[in-house]
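Chemist:
Residue numbers (this note's numbering), protein chains in the order written: chain A, 52 to 261; chain B, 14 to 186.
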């Protein structure tokens, strides 16, 4: 049974769905209350909403795992309850994964550094959660790889969110030319080269501009 | 005088080997091999192309990097300490713009290397021109030059533009 079939079935009950024997994740516990996803634990720790989306996405992708439902179980602590209606959450995560599949070959290299172009929270809640968590790092410049480590998210999810932020004009690749360190031994070299190159290929320096 | 190197990068079939052959004054050392998959041409570069230009007592190396993603480890190695980067893109193949932008973003965000984009096949319209390519890559128009990689004067234009930009930066600093 797939997770997107299982969740609507169980979500009408209060309790915890424990999922284990997963290839890429430790034990995941989903707590339901009043038909909503109340809280997610990854191992022994609750996750924030950004990580929660990634965890649900990973669970949908996982295909293999074991589960057990514990009726009435409540989390030990959940300082920021998610309160997500399960059906809408599934649609949102599935949409994100469909989008991801469409742009997979356009995603930035994991080590490409991005910086903020302006500070304005995107409207889309999927993107804004990522933006809020990452903008501190993006102010200085950060790659998907760095954000993956800092935010505890899968690398490809960070690449996807950076791609979306770039489409929204919120981030741009950092161009190292802007912070280029001057190499003293090369000072004046370019001016000399320029003259020689123009003569070499255009015969005389002024012919270049014709 | 310390030789300088210019890295010529870009997707498969962008014209990197052609440009280096056109500009180099010595026989180009190329490492073309029969393509093992359909890439739109019979051979492709599997290590790197290498050519030279002597400008007075200054030697300029031209290194062409393989276009396939699996060689991306070489992009860093070749770009480190380079005078500049020429990124070539086929003007009649917009589907290659995305991987080319990915390469440009990766290299320029990691290495402090000045760059210019060369949009090839300008002699074979219909092609995308510099005015259309620059916004897609998010770079100033002055950093994009339309060329025909087989014509020496045209092929030299992105190199000259690159050196012009470096000279202007030097003068300003």
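From the three backbone atoms N, C-alpha and C, an ideal C-beta is built for every residue, glycine too.
1. Per DSSP, which residues does residue 90 of chain B bridge with? Please list them.
2. Given that residue 164 of chain A touches chain B, what residues does it touch there, using C-beta distances under 8 Å?
3. Check residue 62 of chain A in the structure and name its three-state DSSP category.
4. One question on the structure: do residue 99 of chain B and residue 157 of chain B come within less than 8 Å of each other, judged by their Cβ atoms?
5. If we call anything under 8 Å between Cβ atoms a contact, is residue 122 of chain A one with residue 66 of chain A?
6. Mind listing which residues of the segment 95–112 of chain B have their C-beta closer than 7 Å to chain A's C-betas, in chain order?
7. Can you check which of these residues, B:131, B:94 and B:23, is closest to residue 194 of chain B by C-alpha distance?
8. Consult DSSP for residue 19 of chain B and reduce its assignment to one of helix, strand or coil.
9. Name the DSSP bridge partner or partners of residue 88 of chain A?
10. For the segment 201–214 of chain A against the segment 156–176 of chain A, are there 3 or more C-beta pairs whose distance is under 8 Å?
11. Quick one: using the 10 Å Cβ neighbour count with 16 as the cut-off for buried, is residue 155 of chain A buried or exposed?
12. Give me the chain A residues within the contact set of residue 93 of chain B, using Cβ-Cβ distance strictly less than 9 Å, ordered along the chain.
13. Measuring only the C-alpha atoms, how far is residue 138 of chain B from residue 115 of chain B?
14. Against chain A, with Cβ distances strictly below 8 Å, would residue 155 of chain B count as a contact?
15. Along chain B, which residues have their Cβ under 7 Å away from the Cβ of residue 157 of chain A?
16. So what's residue 193 of chain A in DSSP terms, helix, strand or just coil?
17. Determine, using beta carbons only, whether residue 172 of chain B comes closer than 8 Å to chain A.
18. In the DSSP output, what is residue 67 of chain B paired with across the bridge?
Modeler: In short, the structure shows the following:
1. The residue you call residue 90 of chain B lines up with position 77 of the second chain. Beta-bridge pairing links residue 90 of chain B to no other residue.
2. As a working mapping, residue 164 of chain A is identified with position 113 in the first chain. Those are 122 and 123, listed as they occur along chain B.
3. One-based indexing of the first chain puts residue 62 of chain A at position 11. In the structure shown, residue 62 of chain A falls within a coil segment according to DSSP collapsed to helix, strand and coil.
4. Residue 99 of chain B sits at position 86 when you count from the first residue of the second chain. Residue 157 of chain B sits at position 144 when you count from the first residue of the second chain. Taking C-beta atoms as the reference points, residue 99 of chain B and residue 157 of chain B fail to come closer than 8 Å.
5. Working through the first chain from its first residue, we reach residue 122 of chain A at position 71. Working through the first chain from its first residue, we reach residue 66 of chain A at position 15. Contact: yes.
6. 111
7. No information on residue 194 of chain B is available, as it lies outside the stretch 14 to 186 that chain B covers here.
8. Taking the second chain and counting its residues from 1, one reaches residue 19 of chain B at position 6. Assigned with DSSP and collapsed to three states, residue 19 of chain B falls in strand.
9. As a working note, residue 88 of chain A is residue 37 in the first chain. Residue 88 of chain A pairs with A:83 and A:135.
10. yes
11. Reading the first chain from its first residue, position 104 is the one you call residue 155 of chain A. Under this definition residue 155 of chain A is an exposed residue.
12. Within the second chain, the letter at position 80 stands for residue 93 of chain B. Those within 9 Å of residue 93 of chain B in chain A number zero; the least Cβ separation is about 12 Å.
13. Taking the first residue of the second chain as position 1, residue 138 of chain B is located at position 125. Taking the first residue of the second chain as position 1, residue 115 of chain B is located at position 102. Here the alpha carbons of residue 115 of chain B and residue 138 of chain B stand approximately 25 Å from one another.
14. Your numbering for residue 155 of chain B matches position 142 in the second chain. Residue 155 of chain B does not count as touching chain A.
15. Here the question's residue 157 of chain A lines up with position 106 in the first chain. Within chain B, the residues near residue 157 of chain A are 111.
16. Translated into positions along the first chain, residue 193 of chain A becomes position 142. In the three-state reduction of the DSSP assignment, residue 193 of chain A falls in the strand class, which pools E and B.
17. Stepping through the second chain from its first residue, residue 172 of chain B is reached at position 159. Residue 172 of chain B counts as touching chain A.
18. Sequence index remark: in the second chain, residue 67 of chain B carries index 54 (1-based). Its beta-bridge partners are B:72.
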